[in-house]
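>
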Amino acid sequence: MGHADLPRLFQEWQRRHPEDYGALSLRKSTACSGLGVFATTDVAEGDILYEDRHPLVSMQFAYSRYSGAICCQHCLCSIGKLSEAFDHVLDLKNMSLEEDFPTLGADIIWLDSLMQCPACIPCSCGEVQYCSEDCRRLAEPGHARLCANAEIRHGLQDLALKYNEFFMLAAQAASIMVSRVQESHWTVERALSEFLSFSSGPVLGKTDGGVQESYDLIIDLFPDDELAEFRERFTVDEYIRLLGVFEVNNMLINYDHPSVDLLQATLRCPRGAALSQNVEWVRLVELIRRLVPYDDECAASLSPFPEVLGSGLYRGVALTNHSCSPNAEASFGTSRSLQVKALKALRAGDEVLQSYIDENLPLVERQTKLREAYGFHLSVWEMSAGCIGRASSAARKFQANDERGI
1 MGHADLPRLF QEWQRRHPED YGALSLRKST ACSGLGVFAT TDVAEGDILY
51 EDRHPLVSMQ FAYSRYSGAI CCQHCLCSIG KLSEAFDHVL DLKNMSLEED
101 FPTLGADIIW LDSLMQCPAC IPCSCGEVQY CSEDCRRLAE PGHARLCANA
151 EIRHGLQDLA LKYNEFFMLA AQAASIMVSR VQESHWTVER ALSEFLSFSS
201 GPVLGKTDGG VQESYDLIID LFPDDELAEF RERFTVDEYI RLLGVFEVNN
251 MLINYDHPSV DLLQATLRCP RGAALSQNVE WVRLVELIRR LVPYDDECAA
301 SLSPFPEVLG SGLYRGVALT NHSCSPNAEA SFGTSRSLQV KALKALRAGD
351 EVLQSYIDEN LPLVERQTKL REAYGFHLSV WEMSAGCIGR ASSAARKFQA
401 NDERGI
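Structure, rendered in structure tokens:
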């Protein structure tokens with residue numbers, strides 16, 4: 001179970017999701033040792049190379065949930081009304097729109113009527129929501145056991161908030177593995193390999209904060225007699241390796257809170273302009289900003305809510321090599337669906353390269369980030385020439401050994 005499994009896995013992913021990975025091929029990299037992702041057709045600059053709608057696993061970060069971004073547990077699209085987002089945050093102070101901002105009632109109803117998000121469909125656990133019955137069904141493999149075991153769920157949530165939110169993502173991943181063993185009759189080896197064949201690191205220890213405790217709770221989700229082989233194979237060492245896969249390969253999911261577009265449009269019309277000057281509205285917005293502070297790096301926003309934030313393991317991105325002169329970049333729209341666009345014209349057969357870091361950072365900072373996060377050791381010449389590489393699975397060591405940065 002390792003890199004050798006990836007060509008077989010990639011072919012299987014292409015069969016299952018041809019609309020996502022049909023425009024890609026996986027073969028020996030032309031830029032560095034190991035495998036790389038290649039375009040199979042010509043792609044013009046700015047065009048979409050591929051769209052990944054099916055990450056192996058994904059989650060919304062806890063802070064994002066607490067700060068008024070109500071998302072579907074499965075697809076991570078925004079759901080619910082603006083009033084629900086306000087009340088979600090106000091509840092942190094035992095406040096509500098109805099009790100503490102009653103004079104805004106008519107205007108809030110007006111804004112709610114213009115909100116384009118799907119309604120919330122609550123889960124039976126009372127802690128997550130969905131945008132549709134389809135998403136509820138699709139989320140079941142990763143959520144059903146956590147949903148039915150409140151004590152384990154709450155224990156994991158506490159450890160995740162204290163130490164590492166990827167504990168919750170690992171619980172979801174392990175549940176998906178078990179579902180494939182039980183429902184789809186996969187072998188345990190096959191179920192594990194889909195998550196554990198990627199590069200892994202940084203390496204945690206069994207004694208690191210929350211690792212052993214969270215592992216024990218996750219294993220307790222699977223007491224079934226027929227899962228004895230899974231419990232035996234999914235050791236704490238494999239669990240640590242899974243956390244390392246998330247650390248190295250996951251993409252940060254981020255997109256604007258839906259209130260950004262709503263308020264930019266409505267607060268410039270006559271009624272909205274009047275609302276923006278309303279003392280109670282100003283008080284409400286300022287209170288929300290104090291309760292969930294964030295830095296708007298681009299420009300001041302009319303919305304008090306931070307962007308939606310999460311994390312996901314995307315097959316295509318996880319297999320794409322790094323370059324400080326990338327020819328592709330990934331971005332998100334209004335859900336976990338990821339788009340990879342060409343930064344320059346690509347020909348069929350060109351290797352797809354993305355930057356793991358902000359390539360506009362100063363040279364020394366780029367070197368430090370690549371070394372600490374991915375184990376890349378690159379010279380000043382290689383960095384300035386446009387380094388290319390991938391972290392290895394064993395020790396995350398990438399030793400540049402020729403002028404191409406191999």
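Numbering (UniProt numbering), first residue to last: 1 to 406.
The C-beta atom is built at its ideal place from N, Cα and C for all residues, glycine as well.
1. Compare the beta carbon distance of Leu-313 and Met-251 with 9 Å and say whether it is the shorter of the two.
2. Give the range of the beta strand (DSSP E) segment to which Phe-332 is assigned.
3. On the criterion of 16 or more Cβ atoms from any shown chain inside 10 Å, does Ile-109 qualify as buried, or is it exposed?
4. Within 10 angstroms of its Cβ, does Ala-299 collect 16 or more other Cβ (buried), or is it exposed?
5. Which residue from Arg-233, Asp-216 and Ile-152 puts its Cα closest to that of Met-177?
6. Mind checking Gln-129: buried by the 16 CB within 10 Å criterion, or exposed?
7. Between Glu-84 and the rest of its own chain, which residues show a CB-CB distance below 8 Å, the 5 nearest in sequence each way excluded?
8. In terms of residues, what are the limits of the alpha helix (DSSP H) holding Ile-219?
9. Nearest to Ser-197 by CA position, among Phe-166, Glu-151 and Gly-244, is which residue?
10. In this structure, how does DSSP classify Cys-72 when only helix, strand and coil are distinguished?
11. Might you give, ordered along the chain, the residues of its own chain that have their beta carbon closer than 8 Å to the beta carbon of Phe-61, omitting 5 neighbours on each side?
12. Could you say which of Arg-289, Asp-237 and Arg-53 lies nearest to Arg-339 if we only look at CA atoms?
13. If I'm right that Leu-262 touches Leu-49 with Cβ under 8 Å, what's the distance once you round it to whole angstroms?
14. For Tyr-163, which three-state DSSP category applies?
15. For Asn-321, does the count of other Cβ atoms within 10 angstroms reach 16, so buried, or fall short, so exposed?
16. Just how far apart, CA to CA, sit Arg-16 and Ser-96?
17. So which of Leu-275, Glu-229, Thr-266 and Leu-24 has the shortest CA-CA distance to Ala-328?
18. Below 8 Å, how does it come out for the stretch 222-230 and the stretch 283-297: are there three or more Cβ pairs, yes or no?
19. Hey, how far is the Cα of Phe-222 from the Cα of Ala-150?
20. Between the C-alpha atoms of Asp-107 and Asp-158, what's the straight-line distance to the nearest angstrom?
21. Please report the residue range of the alpha helix (DSSP H) in which Gln-14 lies.
22. Assuming the contact rule is C-beta atoms closer than 8 Å, Leu-82 and Leu-111 should be a hit. Round their C-beta distance to whole Å, please.
23. What whole-angstrom Cβ distance do Phe-332 and Ile-253 have, given they're in contact under 8 Å?
24. For Thr-41, count neighbouring Cβ atoms within 10 angstroms of its own Cβ and tell me buried if that reaches 16, exposed if not.
25. Please tell me whether Ser-214 and Phe-167 are closer than 9 Å, where the distance is taken between their beta carbons.
26. Within 10 angstroms of the Cβ of Gly-153, are there 16 or more other Cβ atoms? Answer buried if so, exposed if not.
27. Give a yes or no on contact between the stretch 30-38 and the stretch 348-357, applying the rule of three or more CB pairs nearer than 8 Å.
28. Out of Tyr-356, Leu-114, Arg-289 and Arg-271, which has the shortest C-alpha to C-alpha gap to Val-248?
29. Starting from Phe-230, follow the beta strand (DSSP E) in both directions and report where the run begins and ends.
30. What are the boundary residues of the beta strand (DSSP E) that Ala-39 is part of?
31. Output needed for Arg-180: all residues of its chain with C-beta closer than 7 Å, excluding positions within five of it in sequence on either side, in chain order.
32. How many angstroms separate the CA atom of Asp-87 from the CA atom of Lys-93?
33. Counting only runs of 3+ residues fully inside the stretch 222-275, write out the beta strand (DSSP E) ranges in chain order.
34. For Ser-175, count neighbouring Cβ atoms within 10 angstroms of its own Cβ and tell me buried if that reaches 16, exposed if not.
35. Could you check if Ala-139 is buried or exposed, using at least 16 other CB atoms within 10 Å of its CB as the buried criterion?
36. Check this for me: beta carbons of Val-137 and Cys-123, under 9 Å apart or not?
To lay it out plainly:
1. Here residue 313 refers to the residue found at position 313 when the sequence shown is read from its first residue. Here residue 251 refers to the residue found at position 251 when the sequence shown is read from its first residue. Yes, the Cβ-Cβ distance between Leu-313 and Met-251 is below 9 Å.
2. Locating residue 332 in the sequence shown gives position 332, counting from the first residue. Start and end: 328-332.
3. Position 109 of the sequence shown, counted from the start, is the residue given in the question as residue 109. By the neighbour-count definition (other C-beta atoms within 10 Å, threshold 16), Ile-109 is an exposed residue.
4. The residue you call residue 299 lines up with position 299 of the sequence shown. The predicted model places Ala-299 with a pLDDT of 47, which falls under 50 and marks its position as unreliable; any figure quoted below should be read in that light. Ala-299 comes out exposed.
5. Position 177 of the sequence shown holds residue 177. Answer by Cα proximity: Arg-233.
6. Position 129 of the sequence shown holds residue 129. Counting Cβ neighbours within 10 Å, Gln-129 comes out buried, since at least 16 surround it.
7. By one-based count along the sequence shown, residue 84 stands at place 84. Around Glu-84, the same chain offers Ile-70 and Cys-120 as residues with beta carbons nearer than 8 Å, after the five sequence neighbours per side are excluded.
8. Reading the sequence shown from its first residue, position 219 is the one you call residue 219. That run of the alpha helix (DSSP H) goes 211-219.
9. For the purposes of this step, residue 197 is taken as residue 197 along the sequence shown, with counting starting at 1. Residue Gly-244 is the option with its Cα nearest to Ser-197.
10. Numbered from its first residue, the sequence shown carries residue 72 at position 72. Shown here, Cys-72 sits in a strand according to DSSP, grouped into three states.
11. By one-based count along the sequence shown, residue 61 stands at place 61. Exclusion of the five residues before and after Phe-61 leaves Glu-165, Leu-309, Gly-310 and Ser-311 as the residues of its chain whose Cβ lies within less than 8 Å of its Cβ.
12. In the sequence shown, the residue the question calls residue 339 occupies position 339. Going by the sequence as given, residue 339 is Gln instead of Arg. Of Arg-289, Asp-237 and Arg-53, the residue nearest in Cα terms is Arg-53.
13. Here residue 262 corresponds to residue number 262 of the sequence shown, with the count starting at 1. Here residue 49 corresponds to residue number 49 of the sequence shown, with the count starting at 1. Between Leu-49 and Leu-262 the Cβ distance is about 31 Å, and since that is not below 8 Å, they are no contact.
14. Here residue 163 is taken as the residue at index 163 of the sequence shown, counted from 1. In the structure shown, Tyr-163 sits in coil (DSSP, three-state: anything other than H, G, I, E or B).
15. Counting from one through the sequence shown, the residue named residue 321 turns up at place 321. By the 10 Å Cβ count, Asn-321 comes out buried.
16. Residue 16 sits at position 16 when you count from the first residue of the sequence shown. Residue 96 sits at position 96 when you count from the first residue of the sequence shown. Computed Cα separation, rounded: 46 Å.
17. Stepping through the sequence shown from its first residue, residue 328 is reached at position 328. Of Leu-275, Glu-229, Thr-266 and Leu-24, the residue nearest in Cα terms is Leu-24.
18. In short, these stretches do not touch, since the Cβ pair count stays below three.
19. Walking along the sequence shown from the start, residue 222 turns up at place 222. Walking along the sequence shown from the start, residue 150 turns up at place 150. In a straight line, the C-alpha of Phe-222 is about 14 Å away from that of Ala-150.
20. As a position in the sequence shown, residue 107 is number 107, starting the count at 1. As a position in the sequence shown, residue 158 is number 158, starting the count at 1. Going by C-alpha positions, Asp-107 is about 38 Å away from Asp-158.
21. Counting from 1 along the sequence shown, the entry for residue 14 is found at position 14. Where Gln-14 is concerned, the enclosing alpha helix (DSSP H) starts and stops at 6-16.
22. Translated into positions along the sequence shown, residue 82 becomes position 82. Translated into positions along the sequence shown, residue 111 becomes position 111. Right, their Cβ atoms sit about 5 Å apart.
23. On the sequence shown, position 332 is the one that residue 332 refers to. On the sequence shown, position 253 is the one that residue 253 refers to. About 6 Å; that satisfies the 8 Å criterion.
24. Sequence index remark: in the sequence shown, residue 41 carries index 41 (1-based). Its Cβ having fewer than 16 others within 10 Å, Thr-41 is exposed.
25. As a working mapping, residue 214 is identified with position 214 in the sequence shown. As a working mapping, residue 167 is identified with position 167 in the sequence shown. Contact check for Ser-214 against Phe-167 passes: the beta carbons are separated by less than 9 Å.
26. Translated into the one-based positions of the sequence shown, residue 153 becomes position 153. For the sequence presented, residue 153 should be read as Arg rather than Gly. Arg-153 should be labelled buried.
27. As far as the Cβ criterion goes, the stretch 30-38 touches the stretch 348-357, which means the pair count is three or higher.
28. Walking along the sequence shown from the start, residue 248 turns up at place 248. Closest by alpha carbon: Tyr-356.
29. The residue you call residue 230 lines up with position 230 of the sequence shown. In this chain, Phe-230 is not harboured by any beta strand (DSSP E); it is covered by the alpha helix (DSSP H) spanning 228-233.
30. Taking the first residue of the sequence shown as position 1, residue 39 is located at position 39. Going by DSSP, Ala-39 is part of the beta strand (DSSP E) stretching over 35-39.
31. Numbered from 1 along the sequence shown, position 180 holds the residue referred to as residue 180. The answer, listed in chain order, is Trp-186 and Ala-191.
32. What you label residue 87 is simply residue 87 of the sequence shown in a count that begins at 1. What you label residue 93 is simply residue 93 of the sequence shown in a count that begins at 1. Taking the straight line joining both Cα atoms gives about 10 Å.
33. DSSP assignment within the stretch 222-275 yields the following whole beta strand (DSSP E) runs of 3 residues or more, N-terminal first: 251-255.
34. Indexing the sequence shown from 1 puts residue 175 at position 175. Buried: at least 16 other Cβ atoms inside 10 Å.
35. Numbered from 1 along the sequence shown, position 139 holds the residue referred to as residue 139. Buried, because 16 or more other Cβ atoms sit within 10 Å of the Cβ of Ala-139.
36. Within the sequence shown, numbered from 1, the residue matching residue 137 stands at position 137. Within the sequence shown, numbered from 1, the residue matching residue 123 stands at position 123. Looking at the sequence provided, one finds Arg at residue 137 rather than Val. No. Outside cutoff.
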